[in-house]
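Below you'll find the structure, written out as structure tokens, and then a few comments.
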Amino acid sequence: AQKITQTQPGMFVQEKEAVTLDCTYDTSDPSYGLFWYKQPSSGEMIFLIYQGSYDQQNATEGRYSLNFQKARKSANLVISASQLGDSAMYFCAMREGGNTDKLIFGTGTRLQVFP
Amino acid sequence: NAGVMQNPRHLVRRRGQEARLRCSPMKGHSHVYWYRQLPEEGLKFMVYLQKENIIDESGMPKERFSAEFPKEGPSILRIQQVVRGDSAAYFCASSDRLASMNTEAFFGQGTRLTVV
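In order, the protein sequences belong to chains A and B.
Here the first sequence stands for residues 225 to 339, where the numbers follow this note's numbering.
Here the second sequence stands for residues 6 to 121, where the numbers follow this note's numbering.
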């Protein structure tokens, strides 16, 4: 069964430093997509970055990059040069191929950036 | 270009009452997904609808919950005879086609239901 695991309930990072948020997944489908979302205290879900299972290169979006290790089934999010506004919950999610449309979410990691 | 609109943002209901949550998808989007987020948890898929059709309701509780997406108007998630365990944030997402692998789900801001 498809599953997303985020083992870090909380992380702290100092402003301007880089931080890695872990995500592992489990699926038997060779075709899948991996997503990261940010949820600030205001509650909305903000899309950050996407990685496809067949993508040859790791995805990058500004200060966000995805460290995709397919053999290990991991899709860690790297935030470079952390800012105070990065403090939020971060969710990893997966969508499988075929006619499945739903996203499967992990339990999230709460990131706190301190000055 | 308005995003996914959900209302109300906050809803308080007494046990046994009905809760109606509304979702207006982004303009041009005909696919709607509902997710539930219990406190301190990730989002859990509930139901996927296209206009006038329920495509996948595998995440919906069997009783008291229903969803619709009429030809005209917003999608409605209806919870009858609410109980305290229904207290959660309910998110709606929309897309303009059957989600392909890299289709970003555009989420609304959610409705926070509190059952007292």
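We treat Cβ as the ideally placed atom computed from N, Cα and C, and that holds for glycine.
As the structure is a prediction and not an experimental result, all values here were calculated from the model.
- List, in order along the chain, the chain A residues whose C-beta lies closer than 7 Å to that of Ala-72 (chain B)? Within the second sequence, the letter at position 67 stands for residue 72 (chain B). Within 7 Å Cβ-Cβ: nothing; Ala-72 (chain B) doesn't reach chain A, min ~14 Å.
- Task: Run the CB neighbour count on Leu-308 (chain A), radius 10 Å, all protein chains shown included, and call it buried at 16 or more, exposed below.
- Result: Along the first sequence, read from residue 1 onward, the residue named residue 308 (chain A) stands at position 84. Exposed is the call here.
- Message: Give me, in chain order, the residues of the same chain whose beta-carbon lies closer than 7 Å to that of Val-121 (chain B); leave out the 5 immediate sequence neighbours on both sides.
- Response: The residue given as residue 121 (chain B) occupies position 116 in the second sequence. Closer than 7 Å at Cβ, skipping near neighbours: Val-17 and Arg-19.
- Contacts that Glu-239 (chain A) makes with chain B (C-beta to C-beta distance below 9 Å): Looking up residue 239 (chain A) in the first sequence gives position 15. Within chain B, no residue comes near Glu-239 (chain A); the closest Cβ sits about 26 Å away, beyond 9 Å.
- N-terminal and C-terminal residue of the beta strand (DSSP E) that Gly-47 (chain B) is part of: Here residue 47 (chain B) refers to the residue found at position 42 of the second sequence. Annotation for Gly-47 (chain B): no beta strand (DSSP E) segment contains it, and DSSP assigns it neither H nor E.
- Task: Would you please verify whether the beta carbon of Tyr-53 (chain B) is less than 7 Å from any beta carbon of chain A?
- Result: On the second sequence, residue 53 (chain B) is found 48 positions in, with the first residue counted as 1. With 7 Å as the cut-off, Tyr-53 (chain B) counts as an interface residue toward chain A.
- Contacts that Thr-229 (chain A) makes with chain B (C-beta to C-beta distance below 7 Å): What you label residue 229 (chain A) is simply residue 5 of the first sequence in a count that begins at 1. Going along chain B, no residue has its Cβ under 7 Å from Thr-229 (chain A), so there is no contact; the nearest lies around 11 Å.
- Message: Comparing C-alpha positions only, which one of A:Ser-289, A:Tyr-278 and A:Leu-245 sits nearest to Ala-312 (chain A)?
- Response: Position 88 of the first sequence, counted from the start, is the residue given in the question as residue 312 (chain A). Between Ala-312 (chain A) and the set A:Ser-289, A:Tyr-278 and A:Leu-245, the nearest pair of CA atoms involves A:Leu-245.
- Short check: CB of Asp-250 (chain A) to CB of Lys-227 (chain A), under 7 Å? Taking the first sequence and counting its residues from 1, the one referred to as residue 250 (chain A) is at position 26. Taking the first sequence and counting its residues from 1, the one referred to as residue 227 (chain A) is at position 3. The answer is yes: Cβ separation under 7 Å.
- Message: Using beta carbons (cut-off 7 Å, strictly below), is Gly-309 (chain A) in contact with chain B?
- Response: Here residue 309 (chain A) corresponds to residue number 85 of the first sequence, with the count starting at 1. Cβ-Cβ to chain B under 7 Å: no for Gly-309 (chain A).
- Message: So the candidates are B:Val-37, B:Gly-78 and B:His-15; which of them puts its Cα closest to the Cα of Ala-93 (chain B)?
- Response: Counting from one through the second sequence, the residue named residue 93 (chain B) turns up at place 88. From the listed residues B:Val-37, B:Gly-78 and B:His-15, the smallest Cα separation to Ala-93 (chain B) is found for B:His-15.
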